[in-house]
Amino acid sequence: MIIEGIIWAVISGLMLGLYALPAKFTKGFQEENTWGLFFMQTMFLVPILATLTLMKGVGDIYSTPAVQEVLPVMIVSAVLWGIGVMMWGKAIHHIGLSLGFSIFIGTVILVGSVLPIGIGIAKSGVEGLPEAPVLALILLGIAIVLLGILFNGRAGLVREAEEKISNKDAAGKSGKKSMGAGIAIAVIGGLLATGFNVAFTVGGEPLGEAVAAAGNPPWMVSLAVMLVVFLSGGVIMAGYFGWQITSKKAWGSFKTPAFGLNFVLIFVMAVFHYAASVGYGYGAGLFELGPVVVYAIFNTTCVVVAVISGIYTKEWINASSKARNSLYTGLSAMVLGVVILAGSQYLSTKKGEVEPAAPAEAALPDA
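Here the working numbering is used: the first residue of the sequence shown is 38, the next is one more, and so on.
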């Protein structure tokens, strides 16, 4: 179960790390066109198609009294998550793919890894805490992840200072504003994006029971939760990008001859983004500390892939060795932190604490 969960975390992290890459190859679109169309597809088109195609008894599942009771909390949490993911897209625009992913996902790992522990304490008091050695490893791993976030932020600031020196015109001045704003957007967005964990933790059990009663396999609990979360968060994103496209008079950009190609590229982004969440949700439900360990492995894999993608697309080609070394140090710290978190799972297993958990109790990420 543990190995299978980790494999799902890695596969899903690869998909999430690559999902934004096709956006670099769209033509004739402004930023608002690309991300507006992406969020419409990933928040509405793909989840609705997947749910109606794969899941049986959709109406019965959501009309269950226990599900109706938790829907308000799920919706509010999903709206916060939607705002966070929207800010993620803006952060990538400001500071690039590799740095945007590193800071945003690092923040998500930091908060999201602590969140399941806090929920456990809320439900069971101090008995919800892991044993002291396991808890110590978890906290150490989280601290090292935080150190990685700081190094990634430093890498961006060093790169910005170097660009300002090499370009003393107005572009250099706006670069500073863009970099500082991008880092802030990535951190705040990462904090808000953990609303997905809250929504899944609250709705996982009642939706899991309803999904099973309708004759669906356990992994479809992820689909049931994500339909609520994606539709709720998508409303916020649709309103925001509708306003952005209107204010910047970008509706005409959809008439580009490359619209067909752009639509396909963005649809691929949407499928990868959605499938990554489904894969993670299944893997995280395979063992007790899955929402902590699988969550961190999933997101760190995403960061590694995104940084490599950013390097491949030459985001850091003009950066000095000082800036790149800071980026690599930050990434290495995040990987080390995740290894330590995985070690906490191993130690917990050795102590006989971990029992297989139902997939319905998993906590999904921000995607």
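Where is the CB? At the ideal position from N, CA and C, for every residue including glycine.
These numbers were taken from a predicted model, which means no experiment stands behind them.
With 16 other CB atoms within 10 Å as the buried threshold, where does residue i fall?
i    : result
K210 : Residue confidence for K210 is low, a pLDDT of 48 falling below 50, so the modelled location carries little weight and cannot support an answer.
I354 : exposed
T231 : buried
P294 : exposed
A87  : buried
Y56  : buried
Q78  : buried
V104 : buried
F62  : exposed
T337 : buried
S203 : exposed
G193 : buried
T283 : exposed
S358 : exposed
P84  : buried
S100 : exposed
G367 : buried
E1   : Nothing can be reported for residue 1, as the shown portion of the chain is limited to 38 through 404.
G178 : buried
E69  : buried
G121 : buried
Rounded to whole angstroms, what is the Cα-Cα separation between residue i and residue j?
i    : j    : result
V126 : T90  : The question names Val, but residue 126 in the sequence shown is Gly. Their backbone Cα atoms lie some 29 angstroms apart in a straight line.
H310 : S346 : 16 angstroms
M263 : A356 : 39 angstroms
G226 : I129 : 11 angstroms
A247 : V258 : 9 angstroms
I273 : G119 : 7 angstroms
V375 : G245 : 28 angstroms
N408 : I40  : Missing from the structure shown is residue 408; the chain here goes from 38 to 404 and no further.
I186 : S369 : 10 angstroms
W256 : G318 : 8 angstroms
F430 : A312 : The displayed coordinates of the chain run from 38 to 404. Any statement about residue 430 would go beyond what the structure contains.
Y277 : A169 : 45 angstroms
P402 : I348 : With a pLDDT of only 40 at P402, under 50, the local geometry of the prediction cannot be trusted, and no value is derived from it.
V301 : A307 : 10 angstroms
G270 : S114 : 9 angstroms
V341 : I98  : 37 angstroms
A208 : L136 : Annotation note: pLDDT 46 at A208 (below 50); position unreliable, coordinate value reported separately. Between A208 and L136, the C-alpha separation is close to 20 angstroms.
I334 : L184 : 17 angstroms
V331 : K286 : 43 angstroms
T350 : F304 : 21 angstroms
C339 : M52  : 7 angstroms
L228 : F81  : 23 angstroms
A249 : L260 : 13 angstroms
V266 : I112 : 6 angstroms
W116 : G217 : Reading the sequence as shown, one finds Val at residue 116 and not Trp. Spanning the two alpha carbons is a distance of roughly 25 angstroms.
G212 : G320 : Low per-residue confidence applies at G212: pLDDT is 46, beneath 50, and the placement is therefore not dependable, though the value from the model is reported in the following sentence. About 40 angstroms.
F188 : F66  : 33 angstroms
P102 : L147 : 34 angstroms
P220 : I44  : The sequence shown places Ile at residue 220, not Pro. Answer to the nearest angstrom: the Cα atoms are 31 angstroms apart.
V182 : A223 : 16 angstroms
V47  : S314 : 12 angstroms
L364 : M124 : 21 angstroms
M92  : A251 : 9 angstroms
K201 : K64  : 28 angstroms
R191 : V372 : 18 angstroms
Using a Cβ-based criterion (distance less than 6 angstroms to any ligand heavy atom), does residue i qualify as near the ligand FAD?
i    : result
K286 : As far as ligands go, the structure on display features none, and thus does not contain the ligand FAD.
If you scan the segment 101-145 from start to end, which runs of the alpha helix (DSSP H) of 4 or more residues do you find wholly inside it?
The segment 101-145 contains these whole alpha helix (DSSP H) runs: 102-132.
Looking at C-beta atoms only, is the number of pairs between the segment 232-241 and the segment 57-77 that lie closer than 8 angstroms three or more?
Touching, no, given that fewer than three Cβ pairs across the two stretches are closer than 8 angstroms.
Mind pulling the beta strand (DSSP E) runs of 3 or more residues that sit fully within the segment 252-295?
Runs of the beta strand (DSSP E) inside the segment 252-295: none found.
Tell me whether the segment 362-382 and the segment 168-179 touch, counting them as touching only if at least three CB pairs, one residue from each stretch, are closer than 8 angstroms.
Two segments are said to touch when three or more pairs of C-beta atoms, one from each, lie closer than 8 angstroms; by this definition the segment 362-382 touches the segment 168-179.
Is it true that the segment 277-296 meets the segment 64-79, where meeting means three or more beta-carbon pairs spaced less than 8 angstroms apart?
Short answer: they touch.
Quick one: complete beta strand (DSSP E) runs, 3+ long, within the segment 344-375?
Counting whole runs of 3 or more residues, the segment 344-375 contains no beta strand (DSSP E) stretch at all.
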